[in-house]
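Encoded as structure tokens, the structure appears first; notes follow it.
Chains as they are written, first to last, in the working numbering: chain Y, 19 to 402; chain G, 543 to 705.
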């Protein structure tokens with residue numbers, strides 16, 4: 019070995035790796051909103067990550083202390099704007115619980131139908147954009163094609179595509195006529211074979227599996243410790259779904275499965291498992307809609323016991339529903355007036371994203387995008 | 543385990559640190575001494591199986607007539623996967639110098655929830671490793687969800703409260 023070569027070799031042995039701070043966001047395509055992560059890197063490896071949130075904060079909870087219960091409903095639409103029906107439902111149920119009113123059966127069926135359709139639309143967006151984050155653009159177009167069909171149905175029902183303000187305290191805003199119910203039935207028939215199409219396009223794609231399997235592993239203990247819920251928790255192999263475990267509305271009348279991650283492509287709790295849980299949940303949602311459509315009967319679509327300005331009795335209660343991202347809870351304190359004394363919103367994505375630094379530690383820099391995408395965050399409800 | 547069982551177990555273990563109990567409401571709860579909340583929560587998790595903190599909320603109890611000006615922290619506990627195991631703990635704090643022990647060592651999810659309660663109510667979580675604002679900007683003044691909060695007239699050249 020020549021002297022020069024020897025010198026080079028000894029130099030390479032001494033190469034000290036340097037810690038570098040990498041800023042990602044707040045404007046970054048894969049963060050689905052304004053979300054910032056500061057990543058500490060050692061070469062290509064992430065040693066630590068710190069999340070910064072609050073760029074979309076508008077103090078939803080303070081607004082609700084200043085407007086009456088009915089006026090607050092549209093603000094709940096803007097929390098998780100991808101599944102606004104679920105927010106409306108959670109909020110309406112929290113007020114109804116303090117009022118002790120019975121909701122007519124038809125109203126409850128309509129609520130189930132629109133929430134499950136919403137869940138399908140939300141998961142379609144999650145899956146489509148997740149593929150795009152990782153580099154597959156085609157599945158995104160297919161998912162949006164079908165999401166558009168759901169949004170058209172919801173628009174026919176309530177006149178809005180995203181921020182519905184449809185599920186109201188005491189029932190729903192308008193009745194669904196037979197033509198609308200038929201539209202839902204037709205969509206269910208259309209949608210089932212489409213899931214196979216997504217699977218062929220994305221799920222069994224070798225590159226997609228390589229990018230997601232064994233990446234961002236979240237153990238069941240970590241997930242529970244950090245309060246993760248929804249597909250993030252179920253992806254870690256825990257069977258927990260409030261629709262099944264603590265059935266609200268009419269969910270105890272339907273027959274459906276709760277899909278959990280099983281480490282099909284790699285390890286339990288990796289990005290692929292979370293993705294797969296969402297894919298399977300869409301099929302279960304279709305099953306629920308079909309059963310609801312066959313059971314729904316004529317009747318009133320809202321209760322006449324609630325006035326335009328509801329006044330719940332004094333007290334407090336925490337009410338939770340299973341939203342597309344997990345447990346959406348509203349802690350409501352009423353002082354007996356027509357305005358909430360305090361309304362705390364426990365948003366699922368807030369807790370889900372708080373575990374990000376644990377999942378990023380030890381991952382490659384390029385995988386951070388895959389991990390954030392698999393959490394399916396919506397900044398509207400994290401920042402509130 | 544009924545709420546009655548849980549309350550009596552807590553009383554047997556902690557005695558007068560359990561200040562009060564109310565069980566005939568929507569969410570049955572015990573009121574706990576603020577500085578003992580961490581021990582009580584650790585007991586709830588390790589011995590009674592509450593492995594999941596569902597929600598941690600700050601509250602300002604000051605009403606319009608100002609009969610009280612206390613602050614509070616409400617802990618809604620649950621378990622995974624057993625969804626029937628539910629209980630609630632409350633602490634009541636004086637408005638000035640509101641201090642409560644942190645529970646972030648019991649459930650990691652409490653970290654961000656406590657930061658939010660500090661940001662919005664100015665409740666000091668003693669022992670928290672990183673008690674900084676989370677939703678508002680770092681240089682924000684005041685705690686927005688307090689009932690006597692007034693929004694600033696100016697923030698970095700942005701005028702507010704202009705009629």
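All C-beta atoms in this analysis are idealised placements derived from N, C-alpha and C, irrespective of residue type, glycine included.
Asked                                                                                                                       : Found
Partner residues on chain Y for residue 593(G), Cβ-Cβ distance less than 7 angstroms                                        : 242
Cutoff 8 angstroms: residue 633(G) Cβ touching any chain Y Cβ                                                               : no
Helix, strand or coil at residue 549(G) [DSSP, three-state]                                                                 : helix
Own chain, CB closer than 6 angstroms to residue 360(Y), minus 5 neighbours either side, in chain order                     : 351
Any non-hydrogen atom of the ligand COA closer than 7 angstroms to residue 340(Y) Cβ                                        : Absent from the structure shown: the ligand COA. Ligands present: none.
C-beta contact flag for residue 114(Y) and residue 362(Y) at 8 angstroms                                                    : no
Helix, strand or coil at residue 703(G) according to DSSP, with G and I counted as helix                                    : coil
Amino acids of chain G, ordered along the chain, whose beta-carbon sits closer than 9 angstroms to that of residue 71(Y)    : 654, 676 and 677
Cβ neighbour criterion (16 or more within 10 Å) applied to residue 354(Y)                                                   : exposed
Assigned exposure category for residue 63(Y) - 16 Cβ within 10 Å defines buried                                             : exposed
Beta-bridge partners of residue 70(Y), as assigned by DSSP                                                                  : 54(Y)
7 angstroms CB neighbourhood of residue 298(Y) in its chain, flanking five on each side removed                             : 277
Paired residues, beta bridge with residue 352(Y) - DSSP                                                                     : 333(Y) and 358(Y)
C-beta contact flag for residue 676(G) and residue 666(G) at 8 angstroms                                                    : no
Buried versus exposed, by CB contacts within 10 Å (16 or more), residue 19(Y)                                               : Confidence in residue 19(Y) is poor, its pLDDT being 44 and thus under 50, which makes the residue's placement too unreliable to answer from.
Distance between residue 700(G) and residue 343(Y) (C-alpha atoms, nearest Å)                                               : 35 angstroms
Bridge partner(s) assigned by DSSP for residue 601(G)                                                                       : 614(G)
Cutoff 7 angstroms; reference residue 39(Y); Cβ partners in own chain excluding five residues on either side                : 56 and 58
Members of the segment 576-606 of chain G that neighbour chain Y once the beta carbon cut-off is set at 7 angstroms         : 593, 594, 595, 596, 597, 599, 601 and 605
Any C-beta of chain G under 8 angstroms from that of residue 260(Y)                                                         : yes
Residue 634(G) (DSSP reduced to helix, strand or coil)                                                                      : strand
Contact under 8 angstroms by Cβ, residue 623(G) with residue 257(Y)                                                         : yes
Any C-beta of chain G under 8 angstroms from that of residue 351(Y)                                                         : yes
Nearest-angstrom beta carbon gap, residue 205(Y) and residue 171(Y) [assumed within contact, 8 angstroms]                   : 6 angstroms
Separation of residue 148(Y) from residue 232(Y), as counted between CA atoms                                               : 16 angstroms
DSSP-derived helix/strand/coil call for residue 624(G)                                                                      : coil
Residue range of the unbroken beta strand (DSSP E) whose run includes residue 39(Y)                                         : 37-42
For residue 341(Y) and residue 365(Y), the rounded distance between their alpha carbons                                     : 9 angstroms
Of the listed residues 208(Y), 328(Y) and 178(Y), nearest to residue 356(Y) (C-alpha basis)                                 : 328(Y)
Residue 162(Y), DSSP secondary structure in three states                                                                    : helix
Cutoff 8 angstroms: residue 98(Y) Cβ touching any chain G Cβ                                                                : no
Per DSSP, cross-strand counterpart(s) of residue 240(Y)                                                                     : Its beta-bridge partners do not exist; DSSP assigns none.
Runs of alpha helix (DSSP H) lying entirely within the segment 219-298 of chain Y, each at least 4 residues, in chain order : 224-230, 238-243, 249-253 and 260-263
Pick from 160(Y), 197(Y) and 36(Y) that is closest to residue 61(Y), judged by C-alpha positions                            : 36(Y)
Interface flag, residue 625(G) vs chain Y, CB-CB below 8 angstroms                                                          : yes
Expected contact under 8 angstroms - CB spacing of residue 255(Y) and residue 280(Y) to nearest Å                           : 7 angstroms
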